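If you count the sequence shown from 1, position 127 lands on 127 in the UniProt record's numbering, and the numbers rise without skipping. Glycine included, C-beta positions come from ideal geometry on N, C-alpha and C. Nothing here was measured: the structure is a model prediction, and the numbers come from that model. Remarks on the structure that follows.
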Amino acid sequence: MADFFQLNPGEILALAEKAGYEPSGHCMALNSLENRVFDLRLEDGSHIISKFYRPGRWNREQILEEHRFLQDLKEEEIPVCAPLLFENESSLASFQENIPYSFWPRVGGRSPDELNPENLRILGRLLARIHNIGQAKRFEHRITLNSETYGTAPLETLLKGGWIPPSCKKDYLEVANRILDLFLERIETIPLHRIHGDCHKGNLLFGKEGWFFVDFDDCLEGPAVQDFWMLLSRGNEGLEEREHILSGYREFREFDDRWFDLVEILRAMRFVHYSAWISSRFTTDPSFPVAFPHFAENEYWEKETLELKEQYKLIHNVLGGKNFFSVTESTSREEELTNKDFFWDLED
């Protein structure tokens with residue numbers, strides 16, 4: 001793993017030359033907590049992106065499935081960024097045997113701060129087309145969004161690491177498991193297929209050529225609504241936005257309104273998954289204690305437990321039913337999305 005943290009410009013430029021590119025010597029690191037990503041300027045003035053995958057996160061077959069999904073989308077003229085091919089027609093190579101890497105075209109554009117009704121309708125059409133293509137094939141190696149991968153396994157990671165302090169362990173586990181029960185009650189009848197998986201505004205770019213979807217690192221098989229909820233506000237504003245994105249989506253694909261019952265459940269499961277992700281990097285990656293300085297403190301977990309309870313209460317307000325937890329404090333989660341809503345990489 002040390003080599004992953006110590007990649008240097010000379011090594012990166014040499015790999016670009018080996019792949020047939022003519023780098024000018026410019027090599028700029030881009031913001032990414034999970035992988036190591038660099039902007040390379042070539043002698044002709046154009047740019048490519050080099051991406052080095054964190055060892056152990058995904059295996060080679062899983063990464064190649066992501067790349068094939070992107071190629072499928074690109075062939076159908078979906079605006080995505082697909083990897084460039086090496087001379088052997090593969091999109092993936094390995095550095096020092098254990099660090100997979102790939103090269104990508106650089107896509108221009110900016111992530112939107114807000115999405116107006118027309119933007120939402122356009123994105124709805126594009127998501128429907130992505131899901132139509134996603135449904136045409138199955139992943140064989142990538143994960144499925146289910147109670148194990150987004151619930152049980154993350155909880156086990158936190159427990160084995162001893163991260164949840166005794167003061168809130170019982171409540172944290174109880175509310176997390178109740179949320180998983182609600183997920184299981186609803187997911188059985190909802191179709192799963194290949195989706196983006198991490199579709200938030202930070203993974204959208206708008207430029208001269210229109211919209212682009214980027215960063216399919218977390219693509220998986222899951223419910224269509226997983227690609228909706230991070231694009232939408234909460235409360236009444238979110239309900240209006242939902243109608244706009246659905247009006248575009250339904251031009252190309254059906255969508256059952258009842259699938260939106262999963263949104264707040266998925267959000268809660270993401271809280272747990274996010275904490276498990278931090279815990280799995282905290283003691284091995286020197287950047288994580290810097291990015292999350294309070295993660296190992298009791299205060300962090302007390303706040304997490306309170307926020308899970310708040311979320312559970314909100315789920316029952318949305319779905320109807322008995323609320324099993326009394327919450328006396330309030331948080332700003334209903335009004336404001338936080339980093340964990342946007343999952344793994346923190347792209348500024």
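ask   = Could you give the residue range of the alpha helix (DSSP H) that holds Leu182?
value = Pro166 to Ile187
key: DSSP-derived helix/strand/coil call for Gly151   = helix
ask   = Rounded to whole angstroms, how far is the Cβ of residue 351 from the Cβ of Pro223, which I believe are closer than 8 Å?
value = There is no way to answer for residue 351, as the model of the chain reaches only from 1 to 348.
key: DSSP-derived helix/strand/coil call for Arg60   = helix
key: contact_flag[the stretch 273 to 288, the stretch 154 to 164] where n(CB pairs < 8 Å) is 3 or more   = yes
request  = Identify, in the order they occur along the chain, each residue of the same chain with its Cβ nearer than 6 Å to the Cβ of Thr331, setting aside the five sequence neighbours on each side.
outcome  = Unreliable placement is indicated for Thr331, whose pLDDT of 39 sits below 50; the coordinate value is still reported in the next sentence. Answer for Thr331: Glu307 and Glu310, listed in chain order.
query = Any C-beta of chain D sitting closer than 8 Å to the C-beta of Leu262?
reply = In the structure shown, chain D does not exist; there is a single protein chain.
Beta-carbon proximity list for Ala16, same chain, < 6 Å, skipping 5 on both sides = Pro23 and Leu40
inquiry  = Taking a contact to mean a Cβ-Cβ separation below 8 Å, would you say Pro55 touches Ile99 in this structure?
reply    = yes
message = On the criterion of 16 or more Cβ atoms from any shown chain inside 10 Å, does Gly134 qualify as buried, or is it exposed?
response = buried
query = Straight-line CA distance for Gly151 to Phe183?
reply = 10 Å
ask   = Considering only C-alpha positions, which residue in the set Phe4, Cys27 and Asp3 is nearest to Ala14?
value = Cys27
request  = With DSSP collapsed to three states, give me the class of Ala296.
outcome  = coil
request  = My understanding is that Ile12 touches Pro105, with C-beta atoms under 8 Å, so please give their C-beta distance in whole angstroms.
outcome  = Not confirmed; about 17 Å, so no contact.
ask   = Of the residues His141, Tyr300 and Arg234, which one's Cα is nearest the Cα of Val272?
value = Tyr300
request  = Flag Glu241 as yes when its Cβ comes closer than 7 Å to any non-hydrogen atom of the ligand GDP, and as no otherwise.
outcome  = The ligand GDP is not part of the structure shown, which contains no ligands of any sort.
request  = Taking only runs that begin and end inside the stretch 267 to 316, name each unbroken alpha helix (DSSP H) of 4 or more residues, in chain order.
outcome  = 287 to 291
message = Excluding the 5 residues flanking Asn203 on each side, which residues of the same chain have their C-beta closer than 7 Å to its C-beta?
response = Phe213, Val214 and Asp215
ask   = Nearest to Pro79 by CA position, among Leu7, Asn88 and Ala128, is which residue?
value = Ala128
ask   = Which first and last residues belong to the alpha helix (DSSP H) in which Ile133 is found?
value = Pro117 to Ala136
key: Buried versus exposed, by CB contacts within 10 Å (16 or more), Ser326   = Because the pLDDT at Ser326 is just 45, under 50, the model does not fix this residue reliably, and the value given afterwards should be weighed accordingly. Looking at its Cβ environment, which holds fewer than 16 other Cβ atoms inside 10 Å, Ser326 is exposed.
ask   = Where Glu148 and Arg253 are concerned, what is the direct C-alpha to C-alpha distance, given to the nearest angstrom?
value = 28 Å
ask   = Going by the CB atoms, is the gap between Arg125 and Gly238 shorter than 8 Å?
value = no
ask   = Does the distance from the C-beta atom of Gly197 to that of Asp218 stay below 8 Å?
value = yes
ask   = Quick one, are the C-beta atoms of Ser46 and Tyr101 less than 8 Å apart?
value = no
key: Inter-residue spacing [alpha-carbon to alpha-carbon] between Val175 and Leu85   = 46 Å
inquiry  = Taking the straight line between their C-alpha atoms, what separation do you get for Arg242 and Leu232?
reply    = 7 Å
Contact between the stretch 136 to 146 and the stretch 205 to 212 (3+ Cβ pairs under 8 Å) = no
key: N-terminal and C-terminal residue of the alpha helix (DSSP H) that Ile12 is part of   = Pro9 to Lys18
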